[in-house]
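In the order they appear, the protein sequences are chains A and B. Heads up, the working numbering is the position in the first sequence plus 200, with the first residue counted as 1. Heads up, the working numbering is the position in the second sequence plus 200, with the first residue counted as 1. Ideal placement from N, C-alpha and C gives every residue a C-beta, glycine not left out. None of the values given here were measured: they were computed from a predicted structure. Working notes, beginning with the structure itself.
Protein chains: 2
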Amino acid sequence: MKAPPTTVLGYALMGLLHQKAQSGYELRKVFATTPIGSFSDSPGSIYPALARLEKRRWTRAAGEAGDNPRQRKRFSLTAAGVTELKRWLALPVTRQEVASSMDSLWLRCAFVQQVLGIEETLRFLREADREMTTHLVSLREYQRKFMSSVEFSSGRLAFECGLAGVAVSLRGIRRAILQIERDQS
Amino acid sequence: MKAPPTTVLGYALMGLLHQKAQSGYELRKVFATTPIGSFSDSPGSIYPALARLEKRRWTRAAGEAGDNPRQRKRFSLTAAGVTELKRWLALPVTRQEVASSMDSLWLRCAFVQQVLGIEETLRFLREADREMTTHLVSLREYQRKFMSSVEFSSGRLAFECGLAGVAVSLRGIRRAILQIERDQS
DNA sequence: TGAATCATGTAATAGGTTACATGATTCT
DNA sequence: AGAATCATGTAACCTATTACATGATTCA
């Protein structure tokens, strides 16, 4: 239908810039040295992505000394950038995101509390809970219907690990919900 | 360095064609209706991918009636295709694959036993065990060093779920190894 | 001063996504 | 016959990847 405003990488960069203004090089190091999603740290992905954000006026680059383009730049979110980041984080959790874009969901999960606050986090986690529960049910149904034959068991292993991974994530989310509810009362 | 022979999608198609010769439409339905990886079922991805495989002589298309290009085709693996699939499945499990291409690893896992047999499956699973163990250790080290501060806990949630997911997968793989060893004796 | 690293960028290429197009078959 | 679905394909666009290029800074 309509093209999405930017890519998951774009939102990852915006989330990191929301924490603090940084240079492209520092952002690359985050991707290279921390287990935040699985984004490439290659300059060929980061700098074009930053340029796209700048063209949208969601970020602003401040050259630290003079206007030499080869100088270190400090990127920061604009007000419009913060708005867009918030919009993306507040987007409803869909069945499709849970089924085939868990990386995007985890990324939103990583930023939502800091950017939107605890109320919205709770809403977000409850939505994730609901959608993942549904997804898990349909995975189990599929397993019952089509994976019951013993055939080749490493194929089953792949399926079961995927299923177990979803189940674990769901448990984590439920625990987080309970924790927040406990803290609030 | 050098471009990979084909994409993960290409190997997914080859793995499915190894099970049985199928049409592009049937392959699309597999992606649309089963939880095998998260490949798009759009014709714009499947048919070009099949065409690439055919150009490499890894698959052959047999038109079922006449040579009308709009007729249903039945794709099957050639001998060279089987060789290439086996080569890919036998590739060593690397740290990098475990850290940022688990989808490729699960796909290999799903096909390895059927295509390479039980001996190679055991070797594959043991390699995966080794690399995932190492990865898990480094994740825990990162957690100890940088995630100890309480800061924003939904960020921690994302990290911990990722970590728990790896731990669960690893348990699954170890259980599979034990199962195979038990069956062999 | 020379080497390593910091820091930003570009060019070529290839793959995926969306939307569109087209013909064949099946069902009512 | 008309509608729905089966079935394959193409075109435009965008993004990521790889490799290369270039200048600035730091440190021995």
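Does any CB atom of chain B fall closer than 8 angstroms to the CB of G355 of chain A? Interface criterion met: the Cβ of G355 of chain A is under 8 angstroms from a Cβ in chain B.
Along the chain, where does the beta strand (DSSP E) containing L277 of chain A start, and where does it finish? Counting along the chain, the beta strand (DSSP E) containing L277 of chain A begins and ends at 273-277.
Any chance the region 253-264 of chain A sits against the region 292-302 of chain A, with 3 or more Cβ pairs inside 8 angstroms? By the C-beta criterion, the region 253-264 of chain A is judged not to be in contact with the region 292-302 of chain A, since fewer than 3 inter-stretch pairs fall below 8 angstroms.
Taking its Cβ as the centre, do 16 or more other Cβ atoms sit within 10 Å of S304 of chain A, making it buried, or is it exposed? In this structure S304 of chain A is buried. Its beta-carbon is surrounded by 16 or more other beta-carbon atoms within 10 angstroms.
Within 8 angstroms (strictly less), CB to CB, does S304 of chain A reach chain B? With its beta carbon at least 8 angstroms from every one in chain B, S304 of chain A lies outside the interface.
Would you give the residue range spanned by the alpha helix (DSSP H) that T329 of chain A belongs to? The displayed chain sequence assigns Asp, not Thr, to residue 329 of chain A. Where D329 of chain A is concerned, the enclosing alpha helix (DSSP H) starts and stops at 318-346.
Note down, in chain order, every chain A residue with its Cβ under 9 angstroms from the Cβ of V368 of chain B. Those are C361, A364, G365, A367, V368, listed as they occur along chain A.
In this structure, how does DSSP classify T294 of chain A when only helix, strand and coil are distinguished? Coil at T294 of chain A, not helix or strand.
Taking 7 angstroms as the cut-off, is the CB of R330 of chain A close to at least one heavy atom of the ligand NAP? The ligand NAP is absent from the structure shown, which contains no ligands of any kind.
For Q313 of chain B, count neighbouring Cβ atoms within 10 angstroms of its own Cβ and tell me buried if that reaches 16, exposed if not. With 16 or more other Cβ atoms from the protein chains shown falling within 10 Å of its own Cβ, Q313 of chain B counts as buried.
Distance CB(W288 of chain B)-CB(Y211 of chain B) smaller than 8 angstroms: Contact flag set, yes.
By DSSP, does T259 of chain B sit in helix, in strand, or in coil? In the three-state DSSP reduction, T259 of chain B falls in the strand class (E or B).
Name the DSSP beta bridge partners of Q222 of chain A, please? The partner list for Q222 of chain A (beta bridge, DSSP) reads A:F275.
Are three or more beta carbon pairs between the region 228-236 of chain B and the region 320-329 of chain B nearer than 8 angstroms? No: the two stretches stay apart, fewer than three of their Cβ pairs being nearer than 8 angstroms.
As a quick exercise: from B:S223, B:L209, B:V315, B:P205, pick the residue whose alpha carbon is nearest that of R274 of chain B. The candidate whose alpha carbon is nearest that of R274 of chain B is B:S223.
Residue from A:Q343, A:I380, A:R374 with nearest C-alpha to I236 of chain B: The shortest CA-to-CA distance from I236 of chain B to any of A:Q343, A:I380, A:R374 is the one to A:Q343.
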